[in-house]
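Visitor: Numbering (this note's numbering), first residue to last: 682 to 852.
1. Is there contact between the stretch 715–731 and the stretch 746–762, where contact requires at least three CB pairs shorter than 8 angstroms?
2. Once you ignore the five residues that flank residue 659 on each side, which residues in its own chain have a CB closer than 6 angstroms to its CB?
3. Using a 10 Å radius around the Cβ and a threshold of 16 neighbouring Cβ atoms, would you call residue 784 buried or exposed?
4. Within 10 angstroms of its Cβ, does residue 803 collect 16 or more other Cβ (buried), or is it exposed?
5. Report the partner residues of residue 796 according to the DSSP bridge assignment.
6. Take residue 766 and list the residues in its own chain whose beta-carbon comes closer than 6 angstroms to its own, dropping the five residues that flank it on each side.
7. When the Cα atoms are used, what is the spatial distance from residue 831 to residue 741?
8. Could you check how far apart the C-beta atoms of residue 763 and residue 786 are, in whole angstroms? I think they sit under 8 angstroms.
9. Based on the DSSP output, what are the partners of residue 842 in its beta bridges?
10. Measure the Cβ-Cβ separation of residue 849 and residue 812 and say whether it is below 9 angstroms.
11. Between residue 827 and the ligand FAD, is the CB less than 8 angstroms from at least one heavy atom?
12. What do you reckon, are the CB atoms on residue 710 and residue 751 nearer than 9 angstroms?
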């Protein structure tokens, strides 16, 4: 098995959620790590793990970020890390497929399935290291993780679109 680690300078963990049903608000977690342990080219034996520091939430509005860190949403002081650990990877033609696993936010762990796209391995011309990308995306319901449980869906949408783009190289 080879362990692939994300390059923070070329990786992003973001989200989009609707605000008062008329616009989308985007954000990201600036401090996160992702690893993939891979033995087979088809990723059928791969184990993915992601950990994001909740306090690193960044929506470009300081007051909103502080509110997201509060007990109203993530309660970052009590639950400082959100995690994802894969249990199953199915990759089809063109490097696209599904990834399932346990997502834990605010102490609530739920089985989720996301879309997955994996690139072929290439040699990075900057450092000559083997490099590949993984893109994971899908939707979750914030109420299932007790995020913003007192905030009506009319104000902050119930569905949160999550996207992770990771450029990885072997450890």
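C-beta atoms are modelled at their ideal positions from N, C-alpha and C, and glycine is treated no differently.
Guide: From the atom records:
1. no
2. Beyond the ends of the chain as shown, which are 682 and 852, falls residue 659; an answer cannot be given.
3. If you number the chain shown from 1, residue 784 lands on position 103. Classification for residue 784: buried.
4. The sequence position of residue 803 within the chain shown is 122, counting from 1. That one is exposed.
5. Working through the chain shown from its first residue, we reach residue 796 at position 115. In the DSSP output, where bridge partners are listed per residue, residue 796 has 779, 818.
6. Counted from its first residue, the chain shown places residue 766 at position 85. Contacts found: 730, 782, 783.
7. The residue labelled residue 831 in the question sits at position 150 within the chain shown. The residue labelled residue 741 in the question sits at position 60 within the chain shown. Residue 831 and residue 741: Cα-Cα distance of roughly 23 angstroms.
8. In the chain shown, the residue the question calls residue 763 occupies position 82. In the chain shown, the residue the question calls residue 786 occupies position 105. 5 angstroms between Cβ atoms; contact.
9. On the chain shown, residue 842 is found 161 positions in, with the first residue counted as 1. BP columns for residue 842 point to 697, 820.
10. Locating residue 849 in the chain shown gives position 168, where the first residue counts as 1. Locating residue 812 in the chain shown gives position 131, where the first residue counts as 1. Yes.
11. In the structure on display, the ligand FAD does not appear, and there are no ligands present to speak of.
12. The residue given as residue 710 occupies position 29 in the chain shown. The residue given as residue 751 occupies position 70 in the chain shown. No. Outside cutoff.
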